């Protein structure tokens, strides 16, 4: 039985297109109350969250090249530098799937490396959007993510036709073998799913259902 | 009966996250063959399409802040300048819905104005993502789009929970009264739908089904 509070590995996430400043304020309050690892929010709200979370242990995370991944590298680098300058310490970027599927892995790796450099001390999580990839491609790309110096490989944007799967998380965890983290995201709605993803090797969970997940875990623990 | 070939008002569109360079090449060939107004493609492929379409009458269009609209203004401006420098002459940008829904219309208008300025001679089409808005808001925002100097107001990204509706196009066309264009996009799959959107006041149609639309129109015309 897992005894650790799952809040410490949850990115408390709000990425809907109509997300409001008030919703981001609530999200930040909830993140402090529950002790989530981070908030993952639209980049326009990074300064707001940075102000609200100043002095807390909750990181400010945002997304880059999201969710389609096909802006030029120069734009991903600029977005990253802007986000970090405004206070973000975690960056979830999407790879260029078209290049990955064409086998241009060196280009994908180089782009990640440039984003990692622009992110400076911020952690970069690299979203593969696994629903578009076969297993050998996922493994190759996880290798690119490691080589390029990113902190996590991440399964999904949550906006694609498929979210995280246990098989993908197990595959990525085996591939990275503890050298970097594995973030599972997309469709993780309850503690039972969260528990299974952690058991499969995920070290971070992205979800907009973090509060109910932690509440369910607490009930299970009799807390 | 409309006799004009609808190809002249169609943006031949490929915006899937896994769009490949080969698919963009095909799209450009099709656009020349059919005489579409533009190709609307991921920004990473703008240089490729600009090369392929050099000397043709097909414009190169791309998307900015797409499809979620919540990157900071500085990022939309940078994306636009990059796209124009690489050859784009049409820019479809997404507004910041959170600001629009909070009533911060001056901020929305100012952002559009900055993108229009960065676009220089390129035409800017402003996507409202109408499925999130009530009618008074759509009218107010259409006013912002006109004030800010954009060339078109556009209904939808095609990635939201709802696409173009005839009622929205009629509302926007009445509001702009011919001073700027109206682009309908999202779910327009056949000539009958295209015909109805044009009759409702659309002056540009965004679709990935442009070829079958034109083929159906030709059959109707006995061509």
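Protein chains in written order, with our numbering: chain C, 32 to 254; chain H, 32 to 254. No residue lacks a Cβ here, since even glycine has one placed at the ideal position from N, Cα and C. If you're wondering where the values come from, they're calculated on a predicted model, not measured in any experiment.
Residue i at chain C interface by Cβ criterion, 9 Å
i	result
residue 233/H	no
residue 53/H	yes
residue 153/H	no
residue 167/H	no
residue 228/H	no
residue 37/H	no
residue 187/H	no
residue 136/H	no
residue 85/H	no
residue 100/H	yes
residue 257/H	Here chain H comprises residues numbered 32 to 254, so residue 257/H is not present and cannot be evaluated.
residue 129/H	yes
residue 46/H	yes
residue 191/H	yes
residue 67/H	no
Reference residue i; option with closest CA among the options
i	options	result
residue 196/H	237/H, 156/H, 117/H and 91/H	237/H
residue 88/H	152/H, 62/H and 125/H	62/H
residue 114/H	242/H, 133/H, 92/H and 44/H	92/H
residue 71/C	45/C, 85/C and 79/C	45/C
residue 180/H	160/H, 190/H, 204/H and 155/H	155/H
residue 43/C	142/C, 103/C and 60/C	60/C
residue 169/H	139/H, 203/H and 252/H	203/H
residue 214/H	49/H, 147/H, 194/H and 222/H	194/H
residue 212/C	201/C, 239/C and 184/C	184/C
residue 40/H	69/H, 128/H, 108/H and 48/H	69/H
residue 54/H	37/H, 79/H, 219/H and 145/H	79/H
residue 47/C	49/H, 101/H and 109/H	101/H
residue 217/H	96/H, 190/H and 57/H	190/H
residue 98/H	161/H, 178/H, 229/H and 171/H	161/H
residue 159/H	134/H, 128/H and 149/H	128/H
residue 125/H	52/H, 239/H, 187/H and 209/H	187/H
residue 134/H	105/H, 171/H, 111/H and 144/H	171/H
Extent of the continuous beta strand (DSSP E) run through residue i
i	result
residue 184/C	183 to 185
residue 69/C	69 to 72
residue 41/H	41 to 44
Collapsed DSSP secondary structure at residue i in the structure displayed
i	result
residue 215/C	strand
residue 235/C	strand
residue 93/H	strand
residue 156/H	strand
residue 121/C	strand
residue 143/H	helix
residue 220/C	coil
residue 35/C	coil
residue 138/C	helix
residue 228/H	helix
residue 163/H	helix
residue 210/C	coil
Residue i classed as buried or exposed, judged by whether at least 16 other C-beta atoms fall within 10 angstroms
i	result
residue 163/C	buried
residue 74/C	buried
residue 131/C	buried
residue 233/C	buried
residue 85/H	exposed
residue 152/C	exposed
residue 123/H	buried
residue 220/C	exposed
residue 49/H	buried
residue 19/H	Limits of chain H in this structure are 32 at one end and 254 at the other, which puts residue 19/H out of reach.
residue 120/C	buried
residue 199/C	buried
residue 173/C	buried
residue 254/H	exposed
residue 250/C	exposed
residue 210/H	exposed
residue 231/H	buried
residue 103/H	buried
Proximity test, Cβ basis, 9 Å: residue i and chain H
i	result
residue 49/C	yes
residue 159/C	no
residue 58/C	no
residue 106/C	yes
residue 125/C	yes
residue 133/C	yes
residue 61/C	no
residue 113/C	yes
For residue i, the first and last residue of its enclosing alpha helix (DSSP H)
i	result
residue 112/H	104 to 116
residue 57/C	52 to 65
residue 81/C	77 to 83
residue 169/H	166 to 178
residue 243/H	241 to 252
residue 199/C	197 to 207
residue 131/C	128 to 132
Residue i: CB within 8 Å of a non-hydrogen atom of the ligand GTP
i	result
residue 186/C	You won't find the ligand GTP in this model; it holds no ligand whatsoever.
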